[in-house]
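**Q** For the sequence shown, this note's numbering assigns the number 38 to the initial residue and increments by one for each residue that follows. Note that the Cβ used here is the ideal one computed from N, Cα and C, for glycine as well. What you are looking at is a predicted structure, and each value in this text was computed from that prediction instead of being measured.
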Amino acid sequence: MILMNDIIREGNELLRVKSVDVEIPVKEEDINLLKQMLEYVHNSVDEEIGPKYNLRPSVGLAAPQIGINKKIIAISAYDEKGRLYDFPLINPKILSYSDELTYLKTGEGCLSVDRDVEGLVHRRKKIKFKALVLEDNLLVEKVITLKGYLAVVFQHEYDHLQGILFPDRINKENPFFVPSNSTPIKFAGEEEND
Ligand code: K2U
Ligand code: NI
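(1) Quick check: L175 and R160, are their CB atoms within less than 8 Å of each other?
(2) Which whole runs of the beta strand (DSSP E) in the region 190-217 are 3 residues long or more, in chain order?
(3) Counting only runs of 3+ residues fully inside the region 59-118, write out the beta strand (DSSP E) ranges in chain order.
(4) By Cβ distance, which residues of its chain are closer than 8 Å to K167, with the 5 residues on each side in sequence left out?
(5) Where does E155 fall in DSSP's three states?
(6) Under 7 Å Cβ to Cβ from V59, same chain only, skipping five residues before and after it: list those, please.
(7) Closest to L40 by C-alpha separation, out of P62, N208, L51, L98, would be which residue?
(8) Using 8 Å as the threshold, is the C-beta distance between D205 and R46 below it?
(9) Buried or exposed: V78, going by 16 or more other Cβ atoms within 10 Å of its Cβ?
(10) Classify I103: buried if its beta carbon has 16 or more other beta carbons within 10 angstroms, exposed otherwise.
(11) Pull up the DSSP beta-bridge partners for L175, would you.
(12) With burial defined as no fewer than 16 other Cβ atoms inside 10 Å of the residue's Cβ, what is the status of K162: buried or exposed?
(13) Grab the span of the beta strand (DSSP E) containing D123 for me, first residue to last.
(14) Do I222 and L141 have their C-beta atoms within less than 8 Å of each other?
(15) Is V96 near the ligand K2U, in the sense that its beta carbon is under 7 Å from a heavy atom of that ligand?
(16) Given that a residue counts as buried once 16 or more other Cβ atoms are within 10 Å of its Cβ, and exposed if not, what is N80?
See the structure below:
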């Protein structure tokens, strides 16, 4: 199983290397890697396994974070309505995105960044991508459109494949600057004027 020791941290140049496409047909070893990455994300939020192995909770993991520069991403996250989505992805490619932006009012964190970095990360509010998706042990090519929080999670992981870390995207002059076309993510139960 993947542990925190396997996750490489900011400063390691492997986090800055552009990832390459996974060869097609996809080898068993790459499918197993994807399964292990998804298992990490599930384990990290499991009330027993997480603390037992001192795993930092996460909603996603990209292969470069374990030093493998291949286009492999595992996401398991709840959307704003509280629905859980798993996205085990190989060779994701963004097809289109909205002009509107969105952001998390709390800013972002990263398993590979062992420091609190203040500031807002403005990302596309809606994004359409294609990828090979692992479903019932089969890889299915799909076109997926995400918006809001799931779009933010996907873009955070997709950035890892380009060697980009979230602090890179924070406005250096004014970290809390909000562009006119960016609106905050609203989770279920949040007050309007929170
Ligand atoms: O890539 C990673 O390091 C995993 C990040 C993904 C992420 C961070 C911020 C915003 C969207 C995605 C970790 O999940 S950071 C920890 C975390 C845990 C639960 C909810 C949000 C962030
Ligand atoms: Ni990250």
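**A** For this structure:
(1) Working through the sequence shown from its first residue, we reach residue 175 at position 138. Working through the sequence shown from its first residue, we reach residue 160 at position 123. Against a cut-off of 8 Å, the Cβ pair of R160 and L175 comes out as no contact.
(2) none
(3) 97-99, 109-115
(4) As a working note, residue 167 is residue 130 in the sequence shown. The answer, listed in chain order, is P129, K130, L132, E178, K179, V180, I181.
(5) Here residue 155 corresponds to residue number 118 of the sequence shown, with the count starting at 1. E155 falls in the coil class under three-state DSSP.
(6) Locating residue 59 in the sequence shown gives position 22, where the first residue counts as 1. Answer for V59: D67, K107, K108, I109, I127, N128, listed in chain order.
(7) To locate residue 40, count along the sequence shown from 1; it is residue 3. Of P62, N208, L51, L98, the residue nearest in Cα terms is L98.
(8) Counting from one through the sequence shown, the residue named residue 205 turns up at place 168. Counting from one through the sequence shown, the residue named residue 46 turns up at place 9. Result no, Cβ atoms of D205 and R46 do not sit closer than 8 Å.
(9) Within the sequence shown, the letter at position 41 stands for residue 78. Looking at its Cβ environment, which holds 16 or more other Cβ atoms inside 10 Å, V78 is buried.
(10) Translated into positions along the sequence shown, residue 103 becomes position 66. Buried: at least 16 other Cβ atoms inside 10 Å.
(11) Locating residue 175 in the sequence shown gives position 138, counting from the first residue. DSSP output for L175 lists E172 as bridge partner(s).
(12) Translated into positions along the sequence shown, residue 162 becomes position 125. The residue is buried, with at least 16 neighbouring Cβ atoms inside 10 Å.
(13) The residue labelled residue 123 in the question sits at position 86 within the sequence shown. Here the beta strand (DSSP E) through D123 covers 121-134.
(14) As a first step, residue 222 is located in the sequence shown; it is residue number 185 there, counting from the start. As a first step, residue 141 is located in the sequence shown; it is residue number 104 there, counting from the start. In contact: I222 and L141 (Cβ atoms closer than 8 Å).
(15) Indexing the sequence shown from 1 puts residue 96 at position 59. Flag set: Cβ of V96 near the ligand K2U.
(16) Residue mapping note: residue 80 aligns to position 43 of the sequence shown, counting from 1. The residue in question, N80, is buried, as its Cβ has 16 or more Cβ neighbours within 10 Å.
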